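This report refers to the structure that appears directly beneath it.
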Amino acid sequence: METLFSQATEAIKREARALLESGEVAAFLGFAKGSIPTVTRPFVARSPEETDKLIWNGLCVMNLANYLPGLLKSLEPARRPGEPPPEGPLPKVGVIATGCWSRNMVIQIQENQLIRERLVILGIDSPGMIDRRKLESLAGGKEIQAIEEAEKKVVISGKGFRLETARQEVLRDNCLTCTHPSPVILDKKIGPTMPERHVHEPFARIEEIERMDADSRWAWFQKEIECCIRCYACRNACPLCYCPTCFVDDSHPQWVGKSVDPVDTAIFHILRAYHCAGRCTDCGACESACPMGIKMRLFTRKLQKDCLELFASEPGLDINSPLPLTTYGPEDPERFIINGSKQQGTQGGK
Amino acid sequence: MEDYPPVELDRKGNGEAMSNASDSPKGSVLVVGGGIAGVQAALDLADSGFYVHLIEKSSAIGGRMSQLDKTFPTNDCSACILSPKLVECGRHLNINLMTLSEVMALEGEEGAFTATIRQNPRYVDPAKCIACGTCAEKCPKKVPNEFDLGLGKRKAIYLKYPQAVPLKYAIDPDQCIWLRRPGRCGMCQKVCPSGAINFDDQPRQIHIEVGSVILALGFSPFDPSILDFTGYGRLPNVVTAMEFERLLSPSGPCLGHMERPSDHKEPRRIAWLQCVGSRDINRACHGYCSSVCCMYAIKQAVIAREHTQGPDLSTSIFFMDMRTHGKEFETYYDRARAEGVSFHRCRVHSILPAGHDDNLLLRYVGDDGRIKQEEFDLVVLSVGLEMDKQAAELARRLGVELDPNNFVATGAFRPVSTNRPGVCVCGAAAEPKDIPQSVMEASASALEASRLLAPARWSETQKKEYPEERNVWAEPPRIGVFVCSCGINIASVIDVAAVTDYARTLPGVVFAQNNLFTCSQDTINQMAETIKREGLNRVVVASCTPRTHEPLFQETLRDAGINKFLFEMANIRDQDSWVHQGFPDEATQKAKDLVRMAVAKVQQDEALAYNTVPVVKRALVLGAGVAGMTAALSIADQGIPVVLVERKDRLGGHARKFYRTWQGDLVQGYLAGLCQRVEEHPQIDLHLETTVEKVEGSVGQFETHLSDGSKVLHGTAIIAIGAGSHKPREGRWNYLYGRHPEVHVLLELDKRFIKEDPALKEKNQTVFILCAGSRVPEKPYCSRVCCTHAIDQALHLKELNPNMEIFMLYRDIRTYGEKERLYQKARENGIVFIRYDLDNVPKVWEEQGNIHVEVKDPILDRPVRLHPDMLVLATAVRPKIDADVVSRAFKCSMNSDRFFLEAHMKLRPVDFATDGIFMAGLCHYPKPMDETIAQAKAAAARASIILAQDAIPAESITAVVEQRKCVGCGVCTMVCAYNAIQLDENSSLARVDTAMCKGCGACVAGCRSDAVTLKNIGNEQIMAAIEATMETY
Amino acid sequence: MDPAPEKDQKWEPKIIAFLCNWCSYAGADLAGVSRFQYPPNIRIIRVPCSGRVSANMILDALKAGADGILVSGCHPGDCHYISGNLYARRRFALLKNLLEFIGIEPERINFSWISASEGEQFAELVTKITTRIKTVGPTKRLVKKIG
Amino acid sequence: MKILKLDDSDLKTLLARWYETRDLFSPVEKNGMAGWKRIEPLEFVEPAKGVPKTSLKTFFFPQPETLLEYSARPGDEGAYVPRPVKEKARERIILGVRPCDARSVLLNSLPFADDPYFKAKKDTTLIVGFTCKQPCSTCFCSWAGGSPMDTEGMDIAMTRVEGGYLADILTKKGEGLVDHLLDNREASPEEKEQLKTLREQAQGGTGSEGGPAEILKKKNLMDLYNAPFWQGLADSCINCGACTFLCPTCYCFDIQDETIKGKGRRIRYWDSCMFPLFTQHASGHNPRSQKVQRVRNRFMHKLKYFPERFGPLSCVGCGRCIRECPVNIDIREVMRDLLSIP
């Protein structure tokens, strides 16, 4: 894997440099090395020289799609609201995309936040990315000063320790259940195509929670969000969250209190997840961004499971299939509806 | 054919009875019959500038439709979809609703009739009755309820049904104890809180002058008691379909629990017997097909299964031909079969008592020719439709000719006109038909009735004037709360004084008052005074339901110079005192809560604009076939300019290939006259070889770019782009088509008829294959016209050569309505009908230039080989290729078969969901000439409502986008059913077209950014109501 | 976690209902016209269409302390606004599952179709959900309290 | 004041004693995450290294703080008239506070000098600090004007030595805590000398004199403002509030009234200059509508505006923002970049 990542890094540098040199793109969005070993830095190269900083490794966990609408907009000539867009083609951006990121781009295109023609996508099959929290817990409170990645293993080291672990053990939870590692839209493929992934029980954790009783589920939920500081890193790391004014910030109407009242925090998390319903590709950026280690991905994962089961909908795989909440089926399941006409649920009946 | 003399064409050959009416006709119309057809006709007329007298013989409008439980093929709740129309009708300023009334005589002529009306006494003063129901509760006299066909009971003082319009009680004079023996009872008079009972009420005779008349006389269900074999009347568990509707209905005698009459148990095995009183010349004397019974029986079977929530209900339908010939019907049939409804193709010859439990034994001949016996718990007779006897008498009285079946006689080219000029007909009185067809005809008759009255438009209608409204924007809320006692309806449960006192303490409330009847005229007047005197700027009324009374109180606000949207109601009667009768404390607390919620919400209400859209008085008609030309002429004749756009280089469309209608009228002569009128009409601007390129704007203000470079401004559009016949050039249904010169599709044979091809006489044998490629998975719909058309062609071939052998290979013969006559005649003329099914489709091949056909005869149970000289294929009518283009340009949807989709299957059959756009003809669904013409007129009528006005009202409670919050994701545009919200081309942000917005709020709930809200039903208002609800807890 | 449902006999649940104007609100009216009795715990908020009801509104009602929620619209196919209830059906399916997933008692969140002619069904429905909500006791979760 | 030498059992005795009349708080490991929690005396363990994830500011500048209360029920007497919040003024002791965090309380006292709420909290809170032996790689307190052995802001400073702690009693309040209790534990002169040496070693010559605050104060505002590197930071930044909410010295807030079921309160809660709404005007105009403006403002405030107004940097070098920024924005790099501007 070391070679896989270093080969990919070289290929990205080469392609990005070529794109910038030829003037095909005005900027290239990738990752640069961070100042601490466990975090990488999303990075925009605006000149061929800057592409030397680009890297690719298992800690590139921020979803780059998140940056695209803003980056593209910043490259357009400024205009007043309501003014028509300028004539002629607008500047393009080069970007790296894995499976989930590319699916987010598809959704952004469907929701008019991106124009496909303005992207040059270097597609990379995701080998599964690393969860820094898992590394930290492995280090047991010691500071990690270096990380080496190989095909099947990861080695962390610091003052007075060096630990080796199977890569699988430290992958992010979302990567462990990912079934679509390959980008769905791309202009050029970097690196090899990953074999099809068969995940035995992709929703095992969700089903485990579903099996609990309501009290235990509530206890789990409360504990999960207890330490939330409402910094909105989860929201801001999410490529689906691009409302000009988020419902949590809005004062007219004010759906959610502004502080860390447990109810307000809970409603924030419920609605944040709900707003991703049918759109979330389980990229895991929210969890990776959270400074407090909250596993808020489970909420969106539950919705993802329901969308699949109820509406047979997987977002971002096909640009032509509408997102599940923008359409309906005449025979959509309605077992939960009392007095539903088609099927009678356990609650129903006359 | 002799029974049906072809309609005499006028000198211009267009089939329209031309007027000799005076130059200054009356501006009012008499509509007789308050069923769905009459109501629709009345609304269309009143909305397009004519004063309407609507005469209904019973105590409330609604007709047969109000008795139905669900309607096919959408399973819509009948009352739910009908009710709003009735309420609108009852409230319309320009509809004079006369219930308990009958037309006695009609004198004069078109343009100036005088009608004599007898209005029977109601014995209840409608101005005073508040429909509280106390009278009926106390009335001691119980009688069978005819609304439930006698299955349930009502009192001698009664409301016809819960949603009745007018919502006023009436006394049945034949049953009332007092009226029969004055002084004996009078209980209702004693308990009526508003003194509405008037035992001295007398019949009145009224003369009214009108310009034209519409007969919407409806039908009667066939009474099967004369058919002894059914046991109806003797066997309690044999019911008619109409009775079964009431048994299914939640408002019926068993409250929707589906019980059988004998023991009130839920039946587990139900049989439907089709064609009871239809297609039966021997016993029932009705040769015609009643058109609707197959569908309603399937619907009843499906709904019955839903009621019992289980697959263990057995439902069997015994039929002769399955006639599911309407839009989406075939799919409905397929689904019913898939869901387990069983269908038996046979006529049951007797229903016998099973000898135990009042069960029934059906004896019938099975598919295999053997006699079978089966036991059922309940048998439903799918009774046919017949002309109401009183209605027939009335028609005769008015000098209106009836056909041999006693229906009002019409003609193929004038489907809603009677023989008497100025008297039109619509609905089942002219031929058995379903609701959408009746509604279509109702609109068509409205057009026909008003066409010659156009000069008198708006001459007799009223328009209300209001004082100028005070601008309250900058004022702090000054809320007035009016708490109604509703006699004792509210006050007997709720402490209204306490509620009133409480209201005074609420923030913003400066005035609170308790009234005995807030809706009484004197209280209303006083309310207007109070608003002015106290300087109120917002009003809350705590009384009954806003669904009936909001308009009244809103009107009062306007009368007092306040915007009507600064108003809220607290429903403390229907949803409080009436439903918590034993809990006065809780009900009072709830009333306080409801008042507090209303006050919280009204605080944030804003004055809204009474939106209107100016109307460009021009129509665009797309397609110049019979439908398009008829629609264009219908509008142009009213003096309104029409732009008629046709893709081809000539007029006439599909009809140019037609020989004659099923009634026997030659088409080409008629068509030539129609084309000539179109070409010569000063108001019609014809664009041949032209298509639509782009459509902008919305109702009242469309701007359409045509391919010839012209740009048309128009207020409405009618889409009548027609359809084509499918030509099976390849595939399973090819049958030598295109490979043998004597293999034709139907219209190709018509062409030979038109040319009077002498070779036709020489044919010895002709085979017709019906459903060639129709009703199959790849084309699942039934094309409705082919059976009739093919049979008529066969009859014509027989006319040409009586010795010709003719074989019809069919799956179900669907000569619905009076078209059944042709089927009978074909059988009489020796035409041989051989049924096939999809497992044994006919085989066709060629040997040495000869056509060979083989089909398995189900009766002989062996293959039959035929060697026809000519093979005629009844192929599907298929939508035009460019339907997609039109659909995209006008943003109007199509169904899965790619026919255009109407706004509502039942009640808006010519409207698109998008306002201002209408459809007519085959692009909607296959249909014969008369139905096409009726639909074209209906489309013209609907368009005329808009075109008759300078400006049309638009919804005031519309969505509004806060641009700052919008991100342009487009979710709102996708969930809007009306295309009322679109992304702006420049800003890419959402923008609401208030002219198109209906205020449903789907976009509001869909918007993650809270960028869209609904005026006066905004998120913050709902939150205020929620929080107010919980405040006392 | 939470204490068992309060034994307090005086406790009565508070239920907020969002009813569509054309079917369910009319059905509730019909229950009144027909005098079908049901428990007085429900407070009805009239909305144009079940498609108007957003997740936010339901959460707001829970936050404000509603022990139960009812959202009711027209049966599929009957929507006055063509398809509002069908979009709503999808939204509600996901929301109800999500709320149950995070531990809200299923009894509290109720969706139904009630037509304008189903007065008795409306009364039965309210009776049923009131009883069900009583079995789970006063709401504790997602209720915001201050002071 | 005095310096005591305490062994582990002495410390336990003290804690038990303090606990009788005061609330004790200390960093506690929870959910794999160190945060502050109320503890029982026996629960206390000195953290091995570093600071808890959340900062000390929550004790003085709570999230949220109720400023006043009112009734919103129309019938009530005095409806809508604000009344002060009655709070039980129980003293509390925060244990295990690192020098950087202790220093942050002093820095926050500068802008909150006249804030009665902050002051009331500070008056009833005692800080028992524990100096750092092992700084993390992300620590840079000495660069920010502090030191691992710093005692600023503490009432008592504990330093781990062989056989126990050297407890430096720094304030009157601190003295009150030990008051005659352990009179016989006075540290020996050698021990005092050892402490002095440790402090001098830690100081390492990077005092505030000539430190970044002084240098940046002198630089031209517009030169810093127009520096080219801001765009690069904005490119990576996702504009979340993790840095500001974890930062011990970010003190921005907003105020709002909340009314529920007839009860109302006015709360002050944390806000972040990273959020676009932070500067949104009622008119809709937003002077810092662009991400780059907001990112720049955060650092300019900490490193330039605050020192110009109050003297020191608004940063104690705890490194929380560096560790938890999801996109690795590193304030040390920003300081270096700013310092390198001529």
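Chains as they are written, first to last, in numbering that gives the first Met the number 0: chain U, 0 to 349; chain D, 0 to 1032; chain F, 0 to 146; chain C, 0 to 341.
C-beta atoms are modelled at their ideal positions from N, C-alpha and C, and glycine is treated no differently.
Since we're looking at a predicted model, the values are computed, not measured.
Can you tell me whether C:Y250 is helix, strand or coil according to DSSP? Coil, per DSSP.
Go ahead and label C:L338 buried or exposed: buried means 16 or more other beta carbons lie within 10 angstroms of its beta carbon, across all protein chains shown. So C:L338 counts as exposed.
Alpha-carbon spacing of C:R16 relative to C:E323, whole angstroms: 37 Å
9 Å Cβ cutoff met for D:T133 and F:R42: At the C-beta level, D:T133 and F:R42 stay beyond 9 Å of one another.
With a threshold of 6 Å on Cβ separation, who are the neighbours of D:S47 within its own chain once the five nearest residues in sequence on each side are excluded? S943, I944, A947
What is the rounded straight-line gap between the Cα of U:G283 and the Cα of C:R287? 30 Å
Tell me whether F:W10 is buried or exposed, calling it buried when 16 or more other Cβ atoms sit within 10 Å of its Cβ. Answer is exposed; the Cβ neighbour count stays below 16.
Does the region 423–434 of chain D come into contact with the region 202–213 of chain D, if we say contact requires no fewer than three beta-carbon pairs (one atom in each stretch) closer than 8 Å? yes
So D:S341 is in the beta strand (DSSP E); what residue range does that whole segment cover? 341–344
Taking only beta-carbon atoms, is U:W100 less than 9 Å away from chain F? no
Neighbouring residues, chain C, relative to D:L587 (Cβ below 7 Å): Reading off the sequence shown, one finds Thr at residue 587 of chain D, where the question assumed Leu. In chain order: nothing, as chain C lies at least about 16 Å away.
What are the start and end residues of each continuous alpha helix (DSSP H) run of 4 or more residues lying completely inside the region 41–119 of chain C, in chain order? 98–108
Please classify D:L837 as buried or exposed, where buried requires at least 16 other C-beta atoms within 10 Å of its C-beta. Within 10 angstroms of the beta-carbon of D:L837 lie fewer than 16 other beta-carbons, which makes it exposed.
Between the CA atoms of D:V744 and D:E845 - distance to the nearest angstrom: When rounded, the distance between both Cα atoms is 17 Å.
Chain F contact residues for U:N338, given Cβ-Cβ distances below 7 Å: S111, W112, I113, Q120, L124
Residues of chain F with CB under 8 Å from U:G256, in chain order? K143
Cross-chain neighbours of C:R322 in chain F, by beta carbon under 7 Å: Simply none; closest approach about 29 Å.
If you measure from the beta carbon of F:G67 to each beta carbon in chain C, is any gap under 9 Å? no
Residue interval of the alpha helix (DSSP H) (run including U:R100): Checking the displayed sequence, the identity of residue 100 of chain U turns out to be Trp instead of Arg. Per DSSP, U:W100 belongs to the alpha helix (DSSP H) from 98–109.
Exposed or buried, D:A20, counting other C-beta atoms within 10 Å across all chains shown (16 or more means buried)? A caution first: D:A20 carries a pLDDT of 48, below 50, which makes its placement in the model too unreliable to give a value.
Would you tell me roughly how many angstroms separate the C-alpha atoms of C:Q230 and D:V509, rounded to the nearest one? If I take the Cα positions, the gap works out to 58 Å.
When we look at the beta-carbon of D:P192 and count the other beta-carbons within 10 Å, is it buried (16 or more) or exposed? buried
As a quick exercise: from F:F35, F:M56, F:G72, F:C73, pick the residue whose alpha carbon is nearest that of F:A65. F:M56
Contact check, F:F150 vs F:A30, beta carbons under 9 Å: The requested residue 150 of chain F does not occur in the structure, where chain F is confined to residues 0 to 146.
Counting contacts by CB-CB distance shorter than 9 Å, is F:I43 in contact with chain D? For F:I43, the nearest CB of chain D lies under 9 Å from its own CB, placing it at the interface with that chain.
Would you mind sorting C:V44 into buried or exposed? The rule is 16 or more other CB atoms within 10 Å of its CB. exposed
If you follow the alpha helix (DSSP H) that F:N55 is in, where does it begin and where does it stop? Unbroken alpha helix (DSSP H) run through F:N55: 54–62.
In whole angstroms, what is the alpha-carbon distance linking U:T244 and C:G283? Near 12 Å, if we compare the C-alpha coordinates of C:G283 and U:T244.
Thinking C-alpha only, which one of C:C272, C:L245, C:I328, C:D270 is nearest U:M291? Nearest neighbour of U:M291 by Cα position, chosen from C:C272, C:L245, C:I328, C:D270, turns out to be C:L245.
Note down, in chain order, each residue of its chain lying with its Cβ closer than 7 Å to the Cβ of D:G194, except the 5 sequence neighbours on either side. K127
Does the beta-carbon of D:A793 have 16 or more other beta-carbons within 10 angstroms, so that it is buried, or is it exposed? buried
List, in chain order, every chain C residue whose beta-carbon is nearer than 8 Å to that of D:P506. P73
Within 9 Å (strictly less), CB to CB, does F:H79 reach chain U? no
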